[in-house]
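I have placed the structure first, in the form of structure tokens, so that the comments after it can refer back to it.
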Amino acid sequence: MEKFMLEGKSVIVTGGAKGIGRFIAHSFAEQGANIAIADIDEQRLVQTSSELGEKGVKSLAIPTDVTNESSVQAMTEYVYETFGSIDVLVNDAAVVPHFMWRDKERWPKIEDMDTSFFWDTVLGVALRGTFLVSKHTVPYMREKKKGHIINLHGGGGVTPPGALAYATAKDSLITFTKFHAEEVRDSNICVVIISPGTAIATEDAPEEARNRMPGPDFVGPRFVLCAQVDMEMSGKLLDFENDELVVKA
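Residue numbering for the sequence shown follows my numbering, starting at 76 and increasing by one per position.
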């Protein structure tokens with residue numbers, strides 16, 4: 076991996092305070108990139124930003140609600156004013172409802188789902204959030220005539236009960252990526268979506284899930300690779316097979 080390609084570049088990672096996003100942020104920092112993590116979890120945001128700073132890069136911890144346009148606009152403006160560019164955007168922010176239940180049934184069927192939570196919150200963070208952050212990042216990339224936007228697909232094609240809203244949102248991002256890529260192709264902005272290749276259990280997952288599924292630590296370097304792919308990959312769903320980058324769709 077060529078460190079010099081990302082050294083000094085500016086990277087935004089939404090949902091970067093914890094889980095997969097935290098490991099993504101660390102992987103970019105290890106390549107010398109300056110990192111802005113945008114997350115609603117302010118306590119973990121500060122902690123992760125401090126960890127990144129210890130790697131010798133500039134790090135911004137920006138409390139951000141990706142479903143709120145004013146919050147997103149303020150975040151992207153601050154990143155640009157501070158770093159002077161936005162070279163890479165990683166849209167990682169998501170709500171994983173099938174890992175959120177502790178003291179009640181964890182796998183609600185559609186008729187048992189709380190409508191506001193599952194459709195406004197889960198789809199709102201994944202779809203509206205990706206839309207808003209992309210919308211307010213692209214103008215800065217157009218100005219420089221370059222950039223990479225990396226969206227995140229779901230994990231490994233598994234279909235656990237209770238994951239209906241999450242899976243719907245993640246699959247919708249494949250189409251979003253395809254069409255957005257064509258809108259910005261003339262500005263040399265590459266938009267891809269990456270699948271982790273397997274289901275992943277983050278630190279907030281139930282213990283039984285963490286015992287049988289891999290953690291997110293292996294995922295970060297894959298996003299670094301996706302931030303260096305050529306324009307011919309734009310609009311594609313990317314995956315990894317035997318540690319090799321492959322086009323899935």
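The C-beta atom is built at its ideal place from N, Cα and C for all residues, glycine as well. These numbers were taken from a predicted model, which means no experiment stands behind them.
| query | result |
| --- | --- |
| Chain-order list of residues whose beta-carbon lies under 7 Å from that of R297 (same chain, five-residue window excluded) | I269 and F315 |
| Euclidean distance between Cα positions of F206 and V147 | 10 Å |
| Residue from G204, N109 and G128 with nearest C-alpha to E144 | G204 |
| Complete alpha helix (DSSP H) runs within the segment 144-230 (minimum length 4 residues, chain order) | 144-158 and 204-219 |
| Reference V141, options G128, G91 and S262, closest by Cα | G91 |
| P296, DSSP secondary structure in three states | helix |
| Buried/exposed call for A108, threshold 16 Cβ in 10 Å | buried |
| Straight-line gap, A168 to A111 (C-alpha atoms, nearest Å) | 13 Å |
| Buried versus exposed, by CB contacts within 10 Å (16 or more), K179 | In this predicted model, K179 has a pLDDT of only 48, less than 50, meaning its place in the structure is not dependable; the value taken from the coordinates is given anyway. With fewer than 16 Cβ atoms within 10 Å of its Cβ, K179 is classed as exposed. |
| Exposed unless 16 or more other CB atoms sit within 10 angstroms - verdict on K325 | This structure cannot speak to residue 325, because the chain is shown only from 76 to 324. |
| Euclidean distance between Cα positions of S247 and L202 | 8 Å |
| Span separating the alpha-carbon of G229 from that of P271 | 7 Å |
| Those residues which DSSP pairs with D114 across a bridge | P138 |
| Touching by the beta-carbon criterion (3+ pairs, under 8 Å), the segment 156-171 and the segment 78-89 | yes |
| Straight-line Cα distance separating A256 from S85 | 20 Å |
| Candidates R217, V171 and V321, of which the one nearest T196 by Cα | V171 |
| Beta-bridge partners of C265, as assigned by DSSP | H223 |
| Continuous beta strand (DSSP E) stretch holding V321: start and end | E319 to V322 |
| Boundaries (first-last residue) of the beta strand (DSSP E) holding V88 | S85 to T89 |
| Helix, strand or coil at D305 according to DSSP, with G and I counted as helix | coil |
| Three-state secondary structure (DSSP) of E126 | helix |
| Nearest-angstrom Cα separation, counted from L227 out to I219 | Sequence inspection shows Lys at residue 219; the Ile mentioned does not correspond to that position. So the two alpha carbons sit approximately 24 Å from each other. |
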